[in-house]
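Chains as they are written, first to last, in this note's numbering: chain U, 1 to 255; chain Y, 1 to 310.
Here's the structure, in structure tokens; my notes come after.
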Amino acid sequence: MKMALLDVKDLSIHFGGVKAVQNVSFSIDAGIVYAVIGPNGAGKTTLFNLITGVYKPTAGEIRLDGEAIHGKSPNELAVRGVARTFQNLQICLNMSAIENVMVGAHLRLDRNLVKAALRFPGLKKRDAELRAEAAELMRFVGLEQFIEARADSMPYGALKRLEIARALAMKPRLIFLDEPAAGLNPKETIEVDHLVRKIADSGVTVVLVEHDMKMVMNLSDRILVLDYGKKLAEGTGAEVRQNPDVIAAYLGAHA
Amino acid sequence: MKKSVFTGLYILIAILIVLPFVIPNAFYMDLAIRMAINAVIVLGLNLLIGFAGQISLGHAGFLGIGAYASAVLPTHFGWHPLLAMGAGAAATGLLAALVARPIFKLKGHYLAMATLGLGIIINIAIRNEAQWTGGPDGMPVPSLGLFGFDLTSDKHWYWVVALLLSISVWASLNLIDSPFGRALRALHGSEVASQVVGVDIVRYKVAIFVLSAVFASLMGSVTAHYVGFVTPNLADFFHSIELVTMVVIGGMASVYGSIVGAVLLTALPQALATFEGWETVAFGAILMLCMIFMPKGLVPTLAAKFGKGE
Chain U
1 MKMALLDVKD LSIHFGGVKA VQNVSFSIDA GIVYAVIGPN GAGKTTLFNL
51 ITGVYKPTAG EIRLDGEAIH GKSPNELAVR GVARTFQNLQ ICLNMSAIEN
101 VMVGAHLRLD RNLVKAALRF PGLKKRDAEL RAEAAELMRF VGLEQFIEAR
151 ADSMPYGALK RLEIARALAM KPRLIFLDEP AAGLNPKETI EVDHLVRKIA
201 DSGVTVVLVE HDMKMVMNLS DRILVLDYGK KLAEGTGAEV RQNPDVIAAY
251 LGAHA
Chain Y
1 MKKSVFTGLY ILIAILIVLP FVIPNAFYMD LAIRMAINAV IVLGLNLLIG
51 FAGQISLGHA GFLGIGAYAS AVLPTHFGWH PLLAMGAGAA ATGLLAALVA
101 RPIFKLKGHY LAMATLGLGI IINIAIRNEA QWTGGPDGMP VPSLGLFGFD
151 LTSDKHWYWV VALLLSISVW ASLNLIDSPF GRALRALHGS EVASQVVGVD
201 IVRYKVAIFV LSAVFASLMG SVTAHYVGFV TPNLADFFHS IELVTMVVIG
251 GMASVYGSIV GAVLLTALPQ ALATFEGWET VAFGAILMLC MIFMPKGLVP
301 TLAAKFGKGE
């Protein structure tokens, strides 16, 4: 049997008495677009925070390529090619837009303090290449007009894409996008839709939390539905759409 | 960053070269040297506070370790002053690392509290170990011999300090615009974002804290040799606060702001001396007005006003 890229088994986290995620299991094959949906408060972002190491699970296991990664810190996961964006923006507003993207390449650079302070030529050369690479990524996500901008002067929609560019600068294997289209107008939403497609086509496995159903149905190979921290259903778009539990959760019908 | 960042450095060097020829007397020469020494300390502190977003309220303590290493080791043990300076810096770095590692595992601004306590402990130790340090009265410091050449005249000190300042500015500018510097600024901007791109935030915070403490220790040694006498006041809490104030007034996360802050706050007490008993009040009022009207500090505010941006 082919091993999945990401394998989540009986994952749970409790905050005091609140069981935010309960016994959730699923697996994600390499190269697909996987969506996590569910009503507000279903535990989608918590699930992301668990997998990307921001929270430590109360119970259960997470395996990346067979290696147990639960309990590892986010920077250890970054080494293993896991990238993410945030629902509530986490942009470094004290830096320029392009520097935010350059930070994404942190692990691929020589981070030596002494060499940096003494301005070693090799370091400066690599930085110049990186700047060009970051500008290219900003064009890729549609931010060419902001290449010279400061992050704190950019509009919300652009910052959402700046986060995606920063995540891509890591050259990840697996990217978690937490509501990339939230708060965007319909035109921007379509652009993000195309962008996610392009990312998936470049060979990166995409895991997506999104409320825009059109976008989810359009993009996803498989969908996981959460409700009150529990797995409600999992399958292709068509399967999930016909699942009576899902219809009940979304429409409030008593099935 | 564009080339223009270094224009400030060239202007600084030009000023430093011209200054000794226009300084009217020894009083101003002394003031200029103390300004430059403070500027280097504040630069190191600004890397920690302004760029990495971590607050130290005990930097005068590190200054004190360096100063007293340079006073005690050559006097009582006959060490070479440069060796003593190095030993002070190494001890400071080790102490800073030992304190910082557990502190940075905690979330929040615990470093401020820990360094506050550490600074006070260092000061008490200096005051109490009178047989070594002269206690509250302080002690004389032997002059600094460099390559068979005794540093005694203010002219010579001026050039040494000017060189140190220029190098520090250059190195700081380089550091900020490097992978290391970007990681520091990123963890200030968003800890979680910097972590998910792979920045080991504890390591980076410890590294910059140790670096800025070592900066302070080295400049403490320089101060001790320059003044020729050390007292525990150098290492007291109020001096730590004064250094933080220099960072804030000059401008957080601004290299040139550090220099402006150090220059202004070193000169201000002299300028306010005419107010006699009221100088502290005037000092406080100036700080308050600065914070109300220029919360980002002088240099960033002015830079934004004239549309240049650092």
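We put the CB at the ideal spot given by N, CA and C, even for glycine.
- One Cα belongs to LEU218 (chain Y), the other to THR92 (chain Y), and the distance between them is close to 9 Å.
- Between the alpha carbons of VAL246 (chain U) and ARG108 (chain U) lies a gap of roughly 43 Å.
- Following the DSSP letters along the chain, one finds TYR34 (chain U) inside the beta strand (DSSP E) bounded by residues 33 to 37.
- Annotation: ARG241 (chain U) is outside any beta strand (DSSP E); the continuous alpha helix (DSSP H) that includes it extends over 237 to 242.
- A direct Cα-to-Cα measurement between PHE215 (chain Y) and ASN38 (chain Y) gives close to 11 Å.
- SER70 (chain Y) is classed as buried because its beta carbon has at least 16 other beta carbons within 10 Å across all chains shown.
- Interface residue (Cβ-Cβ distance to chain U less than 9 Å): SER153 (chain Y) is not classified as such.
- Close CB contacts of MET170 (chain U) within its chain, under the 6 Å cut and outside five residues either way in sequence, are with ALA83, GLY104 (chain order).
- Along the region 47 to 71 of chain U, the positions whose C-beta sits under 7 Å from a C-beta of chain Y are THR52, VAL54, read in chain order.
- Taking each of U:PHE86, U:ASN100, U:GLU129, U:GLY17 in turn and checking the Cα distance to ALA181 (chain U), the smallest one comes out for U:PHE86.
- Three or more beta-carbon pairs separated by less than 8 Å link the region 238 to 248 of chain Y to the region 49 to 68 of chain Y, which places the two stretches in contact.
- Bridge pairing for HIS14 (chain U): U:LYS19 [DSSP].
- When the Cα atoms are used, LEU50 (chain U) and VAL207 (chain U) turn out to be separated by approximately 13 Å.
- Ranked by Cα distance from LEU16 (chain Y), the options Y:ALA36, Y:MET246, Y:ARG101 are led by Y:ALA36.
- Within chain U, no residue has its beta carbon less than 7 Å from that of LEU164 (chain Y); the closest one is some 14 Å off.
- By the neighbour-count definition (other C-beta atoms within 10 Å, threshold 16), GLU99 (chain U) is a buried residue.
- Between PHE48 (chain U) and ASP178 (chain U), the beta carbon gap of about 5 Å places them in contact (Cβ cut-off 8 Å).
- Non-local beta-carbon contacts of GLY142 (chain U) in its own chain, meaning distances under 8 Å to residues more than five positions away in sequence, involve ARG161, GLU191, LEU195 in chain order.
- Under the three-pair Cβ rule at 8 Å, the region 162 to 174 of chain Y does not count as touching the region 63 to 72 of chain U.
- Taking a cut-off of 8 Å on C-beta distances, the region 285 to 300 of chain Y does not touch the region 73 to 90 of chain Y, as fewer than three cross pairs fall below it.
- In this structure, the alpha-carbon of ASP30 (chain Y) lies about 11 Å from that of PRO24 (chain Y).
- For GLY257 (chain Y), no beta strand (DSSP E) segment is defined; the enclosing uninterrupted segment is the alpha helix (DSSP H) at 255 to 271.
- Not a single C-beta of chain U is nearer than 9 Å to the C-beta of ASP236 (chain Y).
- A direct Cα-to-Cα measurement between THR7 (chain Y) and ASP177 (chain Y) gives close to 15 Å.
- Excluding residues up to 5 positions away in sequence, GLY229 lie with their Cβ nearer than 6 Å to the Cβ of LYS19 (chain U) in the same chain.
- The residues PRO74, LEU77, VAL82, ARG84, PHE176, in chain order, have a CB closer than 7 Å to that of THR52 (chain U) in the same chain once the five nearest residues on each side in sequence are set aside.
- Around the beta carbon of ALA134 (chain U), a 10 Å sphere encloses 16 or more other beta carbons of the protein chains shown; the residue is thus reported as buried.
- By the Cβ test, the region 247 to 265 of chain Y is in contact with the region 297 to 308 of chain Y, since at least three Cβ pairs between them sit closer than 8 Å.
- At a cut-off of 9 Å, the C-beta of VAL209 (chain U) has no neighbouring C-beta in chain Y.
- In the three-state reduction of the DSSP assignment, GLY145 (chain Y) falls in the strand class, which pools E and B.
- Burial is judged here by how many other beta carbons sit within 10 angstroms of a residue's own beta carbon; VAL21 (chain U) has at least 16 and is buried.
- Taking C-beta separations shorter than 8 Å and ignoring five residues to either side along the sequence, the partners of ILE33 (chain Y) in its chain run ASP154, TRP157, TYR158, VAL161, TYR226, following chain order.
- Looking at the DSSP output, MET139 (chain Y) shares a beta bridge with Y:VAL230.
- For LEU118 (chain Y), the enclosing alpha helix (DSSP H) starts and ends at 110 to 128.
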